[in-house]
């Protein structure tokens, strides 16, 4: 089991709220409100504060790490244009991730409607081809993305929001647009699917023979010749 697999199992059993405090959400919400009121410095801080969360979300949701930069930029362009309508009834992070979700959905629909330009069908191969290996977290990130890409999109969405980005279930439900109970059910099913995938990988792994010298072949006496 890789480090990414162990991390995944550990994350699955922790409280989603531990990933980010409510105080941090309050700060980013105040930044968003100040940016809405015309403070460019606060707008820059708002983008910096939530850039990593948005990038991770769109990367896992789209299963395309190479497109994540462009998608993240599009998310913030949409968010800044929509800031005049932000009232702060939910946290700015929840509001922003709901925009990110719609951006990814729009991107996938657009991609499905146009001919494929790349001859690389495997996004992981593309990532390995263009991104240098050996970067901290690169292998683990690929392994985790592979696992998440193998489960249904709605389960992956709920799992990433709550278990990787740390949204409370109520806020994840608001970002997705479904009841809280549905989010809980999807997270539980995602966790079960991921653990089953991990167990399947372990079962399929080739068994390493025990170390040590190979025992000599047994020799049997030859039978006497018949008279």
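Residue numbers (our numbering): 24 to 250. Where is the CB? At the ideal position from N, CA and C, for every residue including glycine.
Exposure label - residue 219; buried when at least 16 CB within 10 Å: As a first step, residue 219 is located in the chain shown; it is residue number 196 there, counting from the start. Answer is exposed; the Cβ neighbour count stays below 16.
Cβ pair residue 121, residue 181 closer than 7 Å: Counting from 1 along the chain shown, the entry for residue 121 is found at position 98. Counting from 1 along the chain shown, the entry for residue 181 is found at position 158. Their beta carbons are not under 7 Å apart, which means residue 121 does not touch residue 181 by this criterion.
Residue 107 (DSSP reduced to helix, strand or coil): In the chain shown, the residue the question calls residue 107 occupies position 84. The answer is helix: DSSP assigns residue 107 an H, G or I state.
Residue environment, residue 135, which counts as buried when at least 16 other CB atoms sit within 10 Å: Taking the first residue of the chain shown as position 1, residue 135 is located at position 112. So residue 135 ends up on the exposed side.
C-alpha gap between residue 49 and residue 133, whole angstroms: For the purposes of this step, residue 49 is identified with residue 26 of the chain shown, where counting begins at 1. For the purposes of this step, residue 133 is identified with residue 110 of the chain shown, where counting begins at 1. Approximately 35 Å between the Cα atoms of the pair.
Nearest-angstrom Cα separation, counted from residue 209 out to residue 203: Reading the chain shown from its first residue, position 180 is the one you call residue 203. Reading the chain shown from its first residue, position 186 is the one you call residue 209. Approximately 10 Å, taken between the alpha carbons.
Residue 86 (DSSP reduced to helix, strand or coil): Residue numbering aside, residue 86 sits at position 63 when the chain shown is read from its first letter. Correct three-state label for residue 86: coil.
Backbone CA spacing between residue 59 and residue 222 [nearest angstrom]: In the chain shown, the residue the question calls residue 59 occupies position 36. In the chain shown, the residue the question calls residue 222 occupies position 199. In a straight line, the C-alpha of residue 59 is about 48 Å away from that of residue 222.
Cβ shell of residue 118 (< 7 Å), same chain only, five flanking positions each side left out: Locating residue 118 in the chain shown gives position 95, counting from the first residue. Answer for residue 118: 109, listed in chain order.
Any non-hydrogen atom of the ligand SAM within 6 Å of residue 103 CB: Summarising the ligand content, the structure contains no ligands, and the ligand SAM is consequently not present.
Simplified DSSP assignment, three categories, for residue 61: Against the chain shown, residue 61 aligns to sequence position 38. Three-state DSSP puts residue 61 in coil, outside helix and strand.
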